[in-house]
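Asker: One structure is given below, represented as structure tokens, and several questions about it will come after.
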Amino acid sequence: MPQMTMVKAINDALRVELKRDPNVMVFGEDVGTNGGVFRVTDGLQKEFGADRVFDTPLAESGIGGLAVGLATQGFRPVAEIQFIGFIFEAMDSIAVQAPRMRYRSGGRYSAPIVFRAPFGAGVKAPELHSDPMEGYLTQTPGLKVVVPSNPYDAKGLLISAIRDNDPVFFLEHLKLYFSIKGEVPEGEYTVPIGKANVVREGSDVTIITYGAMVHTSLKAAEIAEKERGVKVEVIDLRTISPIDTETIIQSVEKTGRAIVVQEAQKSSGVAAEVIAQINEHAILKLEAPVLRVASPDTVLGYQMIEDEWMPNPARVLKGIYQVLDF
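Quick note: the sequence shown uses this note's numbering, first residue 51, plus one each step.
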């Protein structure tokens, strides 16, 4: 089985779907001739032609509107927003038009669109290029939000997203694009949207997380086992809307303690929703209050303090010991 980076795995998923379904189209700024600013779409225009893989003007609002229009006419657009900080120009399409298409039309139309965008800190990108903005997206009814943490999931989840009959926002963490390699099957396979993955079995504490924080949490879990013999279970949500509550509750009922790790600012985010779900379904199983490990409620710090701003293994480890010692 070939080893791939996250970028290569996403490129492979796009190739598989462009080849399988003539209605799939890929477009965005620089995705054609240049193959994308991170080479995610490298070679696709040459292989499938400029009618199906093409550059757009530097206008995110136009990219969003084009995606919605094509979707209502039977196409399956994959629209790239070059950096997460620029999604606001397209938010009318992302949060208003596409997600309510099925509801608004009484089921006559749907919007099978995949919006893709890189996000996430840790690579010292300029301001507005890497902010964690998933909280804005997960509050949108009708919009699924997917965040892969490894190349295998990235390919399988993106294929599932393209085949979904409703809009999906596919968030790709900048730090993982080239730093994580893994085995990825050739050809078609899918990873289901809405199903979390237990990436580390444990019995004492559950960590619920997603994206790059999966790897940060795994490092903290290894240290906790070496230092205190603690068995930490780590759950990779994979999809942050809808959340796989069943997998979370099963784990919390087993361990009795949980922390939620997110890179985004602490307040009103995915972690808050996970904790609310635990309180609603498993509060009597808890041995300690559920803890959040997150970034401070400030704008993303400039490059020189970025690593201190976002959660690291030491902060996650402190959270593990805090719920254990409650």
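We put the CB at the ideal spot given by N, CA and C, even for glycine.
Around the Cβ of GLU283, are there at least 16 other Cβ atoms within 10 angstroms (buried) or fewer (exposed)?
Answerer: buried
Asker: Using three-state DSSP, classify MET308 as helix, strand or coil.
Answerer: The amino acid occupying residue 308 in the given sequence is Ala; Met does not appear at that position. ALA308: strand per DSSP, three-state reduction.
Asker: Who are the Cβ neighbours of LYS174 in its own chain at under 8 Å, not counting the five residues just before and after it?
Answerer: In the same chain as LYS174, and ignoring 5 residues on each side of it, the C-beta atoms closer than 8 Å to its own belong to GLN353, GLU356, in chain order.
Asker: Can you have a look at GLN53 and say buried or exposed, based on whether 16 or more other CB atoms are within 10 angstroms of its CB?
Answerer: It counts as exposed.
Asker: At the level of alpha carbons, what is the spacing between TYR186 and HIS179?
Answerer: 16 Å
Asker: So for HIS331, helix, strand or coil by DSSP?
Answerer: helix
Asker: With ASP347 and LYS368 assumed to form a contact (beta carbons below 8 Å), what rounded beta-carbon distance in angstroms separates them?
Answerer: The Cβ separation is near 19 Å, so there is no contact.
Asker: Can you give the Cα-Cα distance for GLU79 and GLY86, rounded to whole angstroms?
Answerer: 7 Å
Asker: Would the stretch 332-342 and the stretch 236-250 be scored as touching if the rule is three or more Cβ pairs under 8 Å?
Answerer: no
Asker: Hey, VAL196 and ARG70: beta-carbon distance below 8 Å or not?
Answerer: no
Asker: In whole angstroms, what is the alpha-carbon distance linking THR297 and SER210?
Answerer: 20 Å
Asker: Could you please give me the residues that DSSP links to SER345 through a beta bridge?
Answerer: GLN315
Asker: Excluding the five sequence neighbours on either side, which residues of its own chain have a C-beta within less than 6 Å of the C-beta of TYR159, listed in chain order?
Answerer: Taken in chain order, the residues that qualify are THR122, MET151.
Asker: Would you kindly check if the distance between the Cβ of GLU67 and the Cβ of ILE212 is under 8 Å?
Answerer: yes
Asker: Taking the alpha carbon of PHE219 as the point to measure from, which residue in ILE144, GLU251, GLY232 has its own alpha carbon closest?
Answerer: ILE144
Asker: Check whether the Cβ atoms of VAL320 and GLN312 sit closer than 8 Å, and answer yes or no.
Answerer: Between VAL320 and GLN312, the gap from beta carbon to beta carbon is short of 8 Å.
Asker: What residue from VAL324, LYS231, PHE88 has the CA that sits closest to ARG342's CA?
Answerer: VAL324
Asker: Hey, how far is the Cα of PHE125 from the Cα of PRO217?
Answerer: Cα to Cα, the separation comes out at about 12 Å.
Asker: Nearest to GLU272 by CA position, among PHE169, VAL118, VAL255, is which residue?
Answerer: VAL255
Asker: Look at ARG166 and GLU110 and say whether their C-beta atoms are less than 8 Å apart.
Answerer: Their beta carbons are not under 8 Å apart, which means ARG166 does not touch GLU110 by this criterion.
Asker: Between the alpha carbons of LEU374 and ALA274, how many angstroms are there, rounded?
Answerer: 11 Å
Asker: Is the beta carbon of LEU341 within less than 7 Å of some heavy atom of the ligand ATP?
Answerer: Summarising the ligand content, the structure contains no ligands, and the ligand ATP is consequently not present.
Asker: Compare the beta carbon distance of PRO363 and LYS276 with 8 Å and say whether it is the shorter of the two.
Answerer: Using a Cβ distance threshold of 8 Å, PRO363 and LYS276 do not count as a contacting pair.
Asker: Could you name the residues of the same chain whose beta carbon sits closer than 6 Å to that of LYS231, not counting the 5 residues immediately before and after it, in chain order?
Answerer: Within the same chain, GLN53, THR55 come within 6 Å of LYS231 by CB-CB distance, once the 5 residues on both sides are set aside.
Asker: Put GLY78 into one of helix, strand or coil per three-state DSSP.
Answerer: strand
Asker: Assuming PHE88 contacts VAL57 under a Cβ cut-off of 8 Å, what Cβ separation, rounded to an integer in Å, is found between them?
Answerer: 6 Å
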